[in-house]
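In our numbering, the protein residues as written are 39 to 296.
Beta carbons: idealized from backbone N, C-alpha and C, even for Gly.
Owing to the predicted nature of the structure, the values given are computational and were not obtained by experimental measurement.
Working notes, structure below.
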């Protein structure tokens, strides 16, 4: 009964407050009559109501009469509500259920807010980690760019070295060709020497001083042999130089492929 009474008092107080505000607003405009205002105020205060007739007819008087009529209808409805205990209990139970539902909803919202706060913190940490990762990636890209520039410079230097080796190899090949020509000439000289020696032998067979002529020819042969040995040494030196040049070229080509 106490809970039902509290609900009725709350409803009545709310309606009375609204009616009081409306009446006071009408009084401030100066359009209400004292008789209707006194009757309405007495009714709202809980005293005996009197339906006095206003002395003058005006729009504000008709409004107050309408308000008084609405208050009477509300009182009738309230009395009917008081007589219905089951309806009051149902309303009280409904209000209790609504309060419980509101509390549960508030708890759910608070839980969701806490979850959102945790997610925001996690997202903030994730953003920091991503910024660090992006910073590391930028450093790696910068290092890769520097390495690429260095490789480009190394490739240019390697091309210059290969060009120098090509020139050196061309020069060595030219020298080898010259040595080959010299060897052909030497071979021809040997054949010519043999023919001359044969001719000399034929001539010396007719001469009396054969021993002296042989000594002279031996000296000439020694000179020719010394010349041939020197040329063979030159050939061996140039051959060694060519082998070294070819080895350097192969090494440079292997580095280029790697």
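(request) Kindly give me the distance between the Cβ atoms of residue 211 and residue 290, rounded to whole angstroms, as I take these residues to be in contact under 8 Å. (result) That pair is no contact at about 17 Å.
(message) To the nearest angstrom, how far is the alpha carbon of residue 197 from that of residue 280?
(response) 20 Å
(message) Can you give me the C-alpha to C-alpha distance between residue 255 and residue 231, rounded to a whole angstrom?
(response) 10 Å
(message) With three or more beta-carbon pairs closer than 8 Å as the criterion, would you say the region 174-185 touches the region 264-272?
(response) no
(message) What does the alpha-carbon distance come out to for the pair residue 262 and residue 286?
(response) 36 Å
(request) Check whether the Cβ atoms of residue 207 and residue 274 lie closer than 8 Å to each other. (result) no
(request) In angstroms with no decimal places, state the Cα-to-Cα distance between residue 228 and residue 213. (result) 22 Å
(request) Whole angstroms is fine: what's the gap from residue 190's alpha carbon to residue 293's? (result) 14 Å
(message) Distance check for residue 138 and residue 162, CA to CA, integer angstroms please.
(response) 36 Å
(request) Look at residue 238 and residue 251 and say whether their C-beta atoms are less than 8 Å apart. (result) yes
(message) Quick check: what's the CA-CA separation for residue 201 versus residue 188?
(response) 20 Å
(request) Rounded to whole angstroms, what's the CA-CA distance from residue 164 to residue 146? Just pull it up for me. (result) 26 Å
(request) Report yes or no: is there a C-beta of chain C within less than 8 Å of the C-beta of residue 130? (result) Reference to chain C is not applicable here, since this structure consists of a single protein chain.
(request) Would you kindly work out how many angstroms separate the C-alpha atoms of residue 133 and residue 156, rounded to a whole number? (result) 34 Å
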